[in-house]
Amino acid sequence: MKASYPFSAIVGQEEMLRSLLIAAVDRSVGGVLIFGDRGTGKSTAVRALAQLLPDMKVMAGCSYNCDPAADPGSCTEACSALRASSRPKTATVPIPVVDLPLGATEDRVIGALDLERALTRGEKAFEPGLLAAAHRGFLYVDEVNLLEDHLVDVLLDVAASGVNVVEREGLSIRHPAAFVLVGSGNPEEGELRPQLLDRFGLSVEVTTPTDIDTRVEVVRRRDAFERDRSGFVEAWAKEDEKIRRRIGRAKKKLDHVVVPDDVVARAARLCMSLGTDGLRGELTLIRAARASAALDGKKSVTDAHLRQVAGPALRHRLRRDPLDEAGSTVRVDRAVEDIFAS
Amino acid sequence: MTPAGAIADAAPAPDPEDPGAVTAWRDAVLALTLFTVDPFGNGVILHGLPGPAREEWLALLTDLLPESAPVRRMPARIPDDRLLGGLDIAATLRAGRPIADKGLLASADKGIVLAAMAERMPGSIAARLAATLDTGRVNAERDGLTLAAPARIGVVALDERIEEDEGTPTALADRCAYRISLEGVGVREIFDESPDPDAVDDARRLLGSVTVGDGEIRALVSAATALGVASCRAEALAIRAAKASAALDGRTDVSKDDVVIAARLVLAPRATVMPLPPEEDVPQQAETPEEPDDAVEQNKGEEEIEPLEDLVLEAAAAAIPAGLLERLKAGLRRPNASGGDGRAGAEQKSARSGRRIGVRQGRPPPGARIDVVETLRAAVPKQIIRRQDAASTQRNDALVRVLPEDFRFAAYKHRSASTVIFLVDASGSSALHRLAEAKGAIELLLADCYVRRDQVALLAFRGGGADLLLPPTRSMVRAKRSLAALPGGGGTPLAHGLDGARGLAEAERRRGNTPSVVLLTDGRANVARDGSHDRARAREDAASAARLLRSDGVGLLLIDVSPRPDPAARALSEASDAVYLPMPHADARAVSKAVQGAVQTGLAR
Numbered sequence: 000m001k002a003s004y005p006f007s008a009i010v011g012q013e014e015m016l017r018s019l020l021i022a023a024v025d026r027s028v029g030g031v032l033i034f035g036d037r038g039t040g041k042s043t044a045v046r047a048l049a050q051l052l053p054d055m056k057v058m059a060g061c062s063y064n065c066d067p068a069a070d071p072g073s074c075t076e077a078c079s080a081l082r083a084s085s086r087p088k089t090a091t092v093p094i095p096v097v098d099l100p101l102g103a104t105e106d107r108v109i110g111a112l113d114l115e116r117a118l119t120r121g122e123k124a125f126e127p128g129l130l131a132a133a134h135r136g137f138l139y140v141d142e143v144n145l146l147e148d149h150l151v152d153v154l155l156d157v158a159a160s161g162v163n164v165v166e167r168e169g170l171s172i173r174h175p176a177a178f179v180l181v182g183s184g185n186p187e188e189g190e191l192r193p194q195l196l197d198r199f200g201l202s203v204e205v206t207t208p209t210d211i212d213t214r215v216e217v218v219r220r221r222d223a224f225e226r227d228r229s230g231f232v233e234a235w236a237k238e239d240e241k242i243r244r245r246i247g248r249a250k251k252k253l254d255h256v257v258v259p260d261d262v263v264a265r266a267a268r269l270c271m272s273l274g275t276d277g278l279r280g281e282l283t284l285i286r287a288a289r290a291s292a293a294l295d296g297k298k299s300v301t302d303a304h305l306r307q308v309a310g311p312a313l314r315h316r317l318r319r320d321p322l323d324e325a326g327s328t329v330r331v332d333r334a335v336e337d338i339f340a341s
Numbered sequence: 000m001t002p003a004g005a006i007a008d009a010a011p012a013p014d015p016e017d018p019g020a021v022t023a024w025r026d027a028v029l030a031l032t033l034f035t036v037d038p039f040g041n042g043v044i045l046h047g048l049p050g051p052a053r054e055e056w057l058a059l060l061t062d063l064l065p066e067s068a069p070v071r072r073m074p075a076r077i078p079d080d081r082l083l084g085g086l087d088i089a090a091t092l093r094a095g096r097p098i099a100d101k102g103l104l105a106s107a108d109k110g111i112v113l114a115a116m117a118e119r120m121p122g123s124i125a126a127r128l129a130a131t132l133d134t135g136r137v138n139a140e141r142d143g144l145t146l147a148a149p150a151r152i153g154v155v156a157l158d159e160r161i162e163e164d165e166g167t168p169t170a171l172a173d174r175c176a177y178r179i180s181l182e183g184v185g186v187r188e189i190f191d192e193s194p195d196p197d198a199v200d201d202a203r204r205l206l207g208s209v210t211v212g213d214g215e216i217r218a219l220v221s222a223a224t225a226l227g228v229a230s231c232r233a234e235a236l237a238i239r240a241a242k243a244s245a246a247l248d249g250r251t252d253v254s255k256d257d258v259v260i261a262a263r264l265v266l267a268p269r270a271t272v273m274p275l276p277p278e279e280d281v282p283q284q285a286e287t288p289e290e291p292d293d294a295v296e297q298n299k300g301e302e303e304i305e306p307l308e309d310l311v312l313e314a315a316a317a318a319i320p321a322g323l324l325e326r327l328k329a330g331l332r333r334p335n336a337s338g339g340d341g342r343a344g345a346e347q348k349s350a351r352s353g354r355r356i357g358v359r360q361g362r363p364p365p366g367a368r369i370d371v372v373e374t375l376r377a378a379v380p381k382q383i384i385r386r387q388d389a390a391s392t393q394r395n396d397a398l399v400r401v402l403p404e405d406f407r408f409a410a411y412k413h414r415s416a417s418t419v420i421f422l423v424d425a426s427g428s429s430a431l432h433r434l435a436e437a438k439g440a441i442e443l444l445l446a447d448c449y450v451r452r453d454q455v456a457l458l459a460f461r462g463g464g465a466d467l468l469l470p471p472t473r474s475m476v477r478a479k480r481s482l483a484a485l486p487g488g489g490g491t492p493l494a495h496g497l498d499g500a501r502g503l504a505e506a507e508r509r510r511g512n513t514p515s516v517v518l519l520t521d522g523r524a525n526v527a528r529d530g531s532h533d534r535a536r537a538r539e540d541a542a543s544a545a546r547l548l549r550s551d552g553v554g555l556l557l558i559d560v561s562p563r564p565d566p567a568a569r570a571l572s573e574a575s576d577a578v579y580l581p582m583p584h585a586d587a588r589a590v591s592k593a594v595q596g597a598v599q600t601g602l603a604r
């Protein structure tokens, strides 16, 4: 396995990096969609985040990474049996970031008959798929707008319910599959189905930096990394470690971060002025602002945090006006300026 | 001696016919040499039709690669099981355990993938290639297997585009350092002396120790910015090219000449704007590229950085391909490199018509065809357990047990994705009247197309000919923007416009889309096909062009933009059996209905 590019060495792209960190701190914010220009390090950033995620406790022997603290009935029967044993064992594993590669077939995504065992031993056994592997972690789809329709259907269904139900080949399996969806893509390749767009809590737009110094730095670091991967990773290990600790601290702090009433009121006004449908936008906005405050080590959410996350939390929830040249980012910015000016 | 010099000096082209073609071939060989020094995670777009030049270039490619390097040819519409791998049914049955079939990508490890007809490659295939180029691995989850294998590959995209708006999909093009064109290079321009494979081999070994200074990086990035190259990947690829050039010359530090070569070969073909002309005091070094490169290069002081940047930009600007140059000068958008449909998720699937795009399982759509091989492939691994199940229920008679859940059906892409081509008369006569109102009408239509998920394209004609302002896109914002920038004035070359629309419609049809044309004009053609201003002939030409378009089965809607319905426009629509709609009646609903009608004409064909 080649070492991946360190998170802390990514130049610029603050909004993308912060959104990914927010998703790592508070899963309930929902997934992150990163859309934008080619060569801006979208997938580099996601893979880099995977190196920074803290560990989690799982039931040893359970194929679904299930939480020892979870309700015993929430997982499969096999898992319930594990829990029922006199001394159930737990294990510590890194939070998974599972790649859903293009061209994946449905059986590998949702899980299917274990071929090896079916062929060699004639046994009927279920082999968990990618959704199972991503439980309690992240499911990453690069070029998400190229994902085949039938897989999008599967994702939509499971992402909403957090449960994967497989009925095939006489197998009947039901297992938890609560994952945070992270997608990236280039808008030139086509748009996302609105239903799928809606599954993402945050949506980030990335553009190629226009400033020469930044671009020089991007190229310089990339070159240094390509020349000596392990040396480069080593050089940034300390910075990466800082971020890892920051995520850990923020996760612990999250529940104690206060959201003052006036901030809630402003968030509501912001959503109203933008005409976002439903409560989802408002909820995501507040959760993201809270995670952002936790990341900064703050005890309470301020307007600054709200402004920071307003774009990613709301821009994909605006009603589409195909002819509006301004684009959603500008519309959100305008509304933010209006609300905070008053 | 620079690598460019090495190749050029070694082989004076015998009796050169066309100096431009000689340069093109020289650059093609130089790019090839640099590519073979550093091929993995990299690529070349080789533009040109099959012929002696392409044969020779590909032969050189094989010569310069290490002997063991596999070269695998990939068809544009390769199925996933061939590309990524899958279950090998025959071997699985023989072995009695799952055996994976290596896909093309994995079998090309440490070698080259030759992408045939890259201009026809769907965006979805390009994305799979791109992921492999980025990671050097194939990771596939298919047929119940997890396939992960190293796939350090380089890609040579054989691009046979003819129209400017076709081409290798951008996801792939963005990752190919070199874009070379062999158009116009004939037998005469090909010189026999080829680069030395041993030198390339040495360079490959030296490459890892080549370093590049900050000044050189800055020069390349500045040149990229000035040329409007909007991808950090292009800059990184340019750095790699410069390093390969240094290694080829036996050096471990990137020199000015290397940077110039990289700017010419990697950045120039990606230019999107014409750089501002350099200031008067053009550095003298520019005139003497044969400068000996020695230690001076390493001790480059701050004050020398500016000249280096200018020099690099100038070299790149000089190397912008001629066709691209003209378009940039005219202020038009660069020819779009994004071909392919790139919309695997949005394709309409139909049970049995259209182009076959894959396999699907589940409930059979009415009238579907069973894909026997895929069905057996699904059934075979389960035979053992099914036989056991059957034994317990005393129904042990079938040779192969196929259950409904195994059924696989061929999925086809239906030709219902429609492309509405707006052909706008931007001539003086129309512009004076109602161009602004025409724009308004188009905006209404765009909103309508958005609802129907049509693609739109924008062609305008005025003065001497027709320009493609916007290749087919689903981005209505882009359409609106290019419309806003539409200039007016000049003669009315209606025939040119219609011919342009016909070419575009044909290209769309080849992509499996259904084109229709919405023509906004007053019908007063006054520029004939031959460019003369003979009014009568111009009208005749326009009528014949419209008839040709219709005979291709393309729906045509003519919106008359003259203040009062014009007999000329009406005559044209009658001559070509087009739907005619005078502007005074062109309110949103009527227009939308009319377009729908025109689209249907195309579909009904």
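Top line first, the protein sequences correspond to chains A and B.
Straight run, no breaks: the first sequence in numbering that gives the first Met the number 0 ends on number 341.
Straight run, no breaks: the second sequence in numbering that gives the first Met the number 0 ends on number 604.
The beta-carbon is built from N, C-alpha and C at its ideal position, and this holds for glycine as well.
Within chain A, the residues that residue i reaches when beta carbons sit closer than 9 Å
| i | result |
| --- | --- |
| Arg407(B) | The premise fails here: Arg407(B) is roughly 11 Å from chain A at the closest Cβ pair, so nothing lies under 9 Å. |
| Pro380(B) | Leu112, Leu114, Ala117 and Leu118 |
Residue i at chain A interface by Cβ criterion, 9 Å
| i | result |
| --- | --- |
| Arg217(B) | yes |
| Asn138(B) | yes |
| Arg232(B) | yes |
| Pro97(B) | yes |
| Pro18(B) | no |
| Ile304(B) | Interpretation of Ile304(B) is limited by its pLDDT of 44, a score under 50 that renders its predicted location unreliable; the figure taken from the coordinates is listed afterwards. It does not: the Cβ of Ile304(B) has no partner Cβ on chain A nearer than 9 Å. |
| Pro69(B) | no |
| Glu313(B) | no |
Contacts that residue i makes with chain B (C-beta to C-beta distance below 7 Å)
| i | result |
| --- | --- |
| Gly121(A) | Ile383, Ile384 and Gln387 |
| Asp141(A) | Ala130 |
Counted within 10 angstroms of its Cβ, other Cβ atoms place residue i as buried (16 or more) or exposed
| i | result |
| --- | --- |
| Gln307(A) | buried |
| Ile161(B) | exposed |
| Thr206(A) | exposed |
| Val335(A) | buried |
| Ala340(A) | exposed |
| Gly463(B) | exposed |
Chain B contact for residue i (CB, 9 Å cutoff)
| i | result |
| --- | --- |
| Ile377(A) | No information on residue 377(A) is available, as it lies outside the stretch 0 to 341 that chain A covers here. |
| Asn185(A) | yes |
| Gly280(A) | no |
| Thr75(A) | no |
| Ala117(A) | yes |
| Ala111(A) | yes |
| Pro95(A) | no |
| Gly38(A) | yes |
| Leu114(A) | yes |
| Ser42(A) | yes |
| Thr207(A) | yes |
| Leu16(A) | no |
| Arg330(A) | no |
Interface residues of chain A facing residue i [CB-CB closer than 7 Å]
| i | result |
| --- | --- |
| Leu83(B) | Gly102 |
| Ile238(B) | Val218 and Asp222 |
| Arg127(B) | Leu101 and Gly102 |
Chain B contact residues for residue i, given Cβ-Cβ distances below 9 Å
| i | result |
| --- | --- |
| Val217(A) | Val220, Cys231, Glu234 and Ala235 |
Identified DSSP bridge partners for residue i
| i | result |
| --- | --- |
| Val143(A) | Paired residue(s): none; Val143(A) is not in a bridge. |
| Phe137(A) | Val96(A) and Val179(A) |
- Task: Determine, using beta-carbon pairs with one atom in the region 440 to 459 of chain B and one in the region 536 to 544 of chain B, whether at least three such pairs fall under 8 Å.
- Result: Look at the beta carbons and you see the region 440 to 459 of chain B not touching the region 536 to 544 of chain B: under three pairs across the two are nearer than 8 Å.
- Item | Meets three-Cβ-pair contact criterion under 8 Å: the region 10 to 27 of chain A and the region 102 to 118 of chain A | In short, these stretches do not touch, since the Cβ pair count stays below three.
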